[in-house]
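**Student:** Got a structure here, written out as structure tokens. Questions coming.
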Amino acid sequence: MLNQLEIEESEVPKMCLDLYKEYGTTMAGLKVLGYEFDNDEFHEYVHGRLPYEKLKPDPVLRNLLLSMPQRKIIFTNADKAHATRALNRLGLEDCFEGIICFETLNPCSDSKTHILCKPSVEAFEAAIRIADIVDPRKTIFFDDSIRNIASAKATGLKTVFVGNSVLVPGADYALSSIHNIKEAIPDLWEDNKDEKLEPLVQQAAVAGMVHA
Numbered sequence: 001m002l003n004q005l006e007i008e009e010s011e012v013p014k015m016c017l018d019l020y021k022e023y024g025t026t027m028a029g030l031k032v033l034g035y036e037f038d039n040d041e042f043h044e045y046v047h048g049r050l051p052y053e054k055l056k057p058d059p060v061l062r063n064l065l066l067s068m069p070q071r072k073i074i075f076t077n078a079d080k081a082h083a084t085r086a087l088n089r090l091g092l093e094d095c096f097e098g099i100i101c102f103e104t105l106n107p108c109s110d111s112k113t114h115i116l117c118k119p120s121v122e123a124f125e126a127a128i129r130i131a132d133i134v135d136p137r138k139t140i141f142f143d144d145s146i147r148n149i150a151s152a153k154a155t156g157l158k159t160v161f162v163g164n165s166v167l168v169p170g171a172d173y174a175l176s177s178i179h180n181i182k183e184a185i186p187d188l189w190e191d192n193k194d195e196k197l198e199p200l201v202q203q204a205a206v207a208g209m210v211h212a
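End of the sequence shown = 212 in UniProt numbering, gap-free, step of one.
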């Protein structure tokens with residue numbers, strides 16, 4: 001892949017980080033810079049080097065997700081193969097109604113086409129349409145990215161910043177651990193509420209939306 005893109009190996013780490021910060025993913029940034037490549041080959045190259053064996057089943061999170069009565073949807077910048085593999089390793093493959101992923105947002109495989117992905121507001125608006133969410137205010141988005149949280153809030157979603165208990169701009173809740181959902185947002189388990197919230201989970205280890 002490095003040879004195909006004619007990028008010096010020594011430049012790769014900094015370039016990847018800079019593009020991720022600017023465009024949301026390295027792939028999206030490369031496309032903006034004018035690089036042409038096959039999307040599937042890029043994903044296979046990048047994800048084929050990941051240590052999936054380090055991901056272990058998370059029964060605590062699994063039980064929490066299964067106990068939530070709302071629809072739950074994964075929303076990730078990754079391709080479906082990577083998202084599915086990660087969920088299988090975590091033991092969460094049957095906890096979600098569906099996966100909104102790279103292929104969902106970018107159905108055209110043209111090597112020249114720019115990539116639609118988080119944190120762009122357009123990506124969130126597309127995900128909301130695809131998930132058939134009528135009222136974003138009744139949907140909770142979980143993510144560990146400050147930029148993604150801000151964009152989600154801009155589209156009207158309720159937001160949960162995961163990985164730190166300190167609120168960031170645009171976050172309605174902040175959790176040091178995803179395992180703390182029930183203590184922080186007990187309304188998700190209260191069926192007698194007139195208005196229930198539903199989750200949209202972004203993929204970090206897990207990411208996503210919960211919709212009421």
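C-beta: ideal position from N, C-alpha, C; glycine also.
Please classify Q203 as buried or exposed, where buried requires at least 16 neighbouring CB atoms within 10 angstroms.
**Tutor:** Below a pLDDT of 50, predicted positions are generally treated as unreliable, and Q203, at 47, falls in that range; the measurement from the model is reported next regardless. The residue in question, Q203, is buried, as its Cβ has 16 or more Cβ neighbours within 10 Å.
**Student:** Going by beta carbon distance, what residues of the same chain come within less than 6 Å of M68, once the five residues before and after it are set aside?
**Tutor:** So the qualifying residues of the chain are L188.
**Student:** Could you check where the beta strand (DSSP E) with residue 213 kicks off and where it finishes?
**Tutor:** The requested residue 213 does not occur in the structure, where the chain is confined to residues 1 to 212.
**Student:** R129 and G156 look like a contact to me (Cβ under 8 Å); what is the Cβ gap, rounded to whole Å?
**Tutor:** Between G156 and R129 the Cβ distance is about 13 Å, and since that is not below 8 Å, they are no contact.
**Student:** Assign M15 to one of three DSSP states: helix, strand, or coil.
**Tutor:** M15: helix per DSSP, three-state reduction.
**Student:** Taking only the alpha-carbon atoms, compute the straight-line gap between A171 and S145 and give it to the nearest angstrom.
**Tutor:** Roughly 11 Å between the two C-alpha positions.
**Student:** In this structure, does DSSP put P107 in helix, strand or coil?
**Tutor:** Coil at P107, not helix or strand.
**Student:** Specify the secondary structure class of residue 213 as computed by DSSP and reduced to three states.
**Tutor:** Examination of residue 213 is not possible in this model, given that the chain is present from 1 through 212 alone.
**Student:** In the structure shown, what three-state DSSP assignment does Y20 receive?
**Tutor:** Helix at Y20.
**Student:** What did DSSP end up calling T84 once you bin it into helix, strand or coil?
**Tutor:** In this structure, T84 counts as helix in the three-state DSSP scheme.
**Student:** Alpha carbon to alpha carbon, what distance is there between D38 and K182?
**Tutor:** Cα to Cα, the separation comes out at about 42 Å.
**Student:** Measuring alpha carbon to alpha carbon, tell me which of E44, R89, N88 and F142 ends up nearest N180.
**Tutor:** Nearest of E44, R89, N88 and F142 to N180, Cα basis: F142.
**Student:** For my contact list, I178 and V162 are in at a C-beta cut-off of 8 Å; report their separation, rounded to the angstrom.
**Tutor:** Sure, about 5 Å apart at Cβ, within 8 Å.
**Student:** By the DSSP assignment, the beta strand (DSSP E) with K158 in it spans what residues?
**Tutor:** K158 to V162 is the extent of the beta strand (DSSP E) around K158.
**Student:** Which residues in the same chain as N77 place their Cβ atom closer than 7 Å to its Cβ, once the five residues preceding and following it in sequence are excluded?
**Tutor:** These residues qualify, in order along the chain: G24, T25, F102, C117 and K118.
**Student:** Could you check whether the stretch 79-86 touches the stretch 1-21, counting it as contact only if at least three pairs of C-beta atoms, one from each stretch, sit closer than 8 Å?
**Tutor:** Result no; under three Cβ-Cβ pairs closer than 8 Å.
**Student:** Taking the alpha helix (DSSP H) that F42 belongs to, which residues open and close that run?
**Tutor:** Here the alpha helix (DSSP H) through F42 covers N39 to H47.
**Student:** Tell me whether I185, by its Cβ, gets closer than 7 Å to a heavy atom of the ligand NAP.
**Tutor:** Looking for the ligand NAP in the displayed structure turns up nothing, as the structure carries no ligands at all.
**Student:** Around the C-beta of S176, are 16 or more other C-beta atoms found within 10 angstroms, so that it is buried, or is it exposed?
**Tutor:** With fewer than 16 Cβ atoms within 10 Å of its Cβ, S176 is classed as exposed.
**Student:** Among residues of its own chain, excluding the 5 on either side of P79, which ones have a beta-carbon nearer than 7 Å to its beta-carbon?
**Tutor:** At residue 79 the sequence reads Asp, which differs from the Pro that was named. Here the set comprises H43, C101, F102 and E103.
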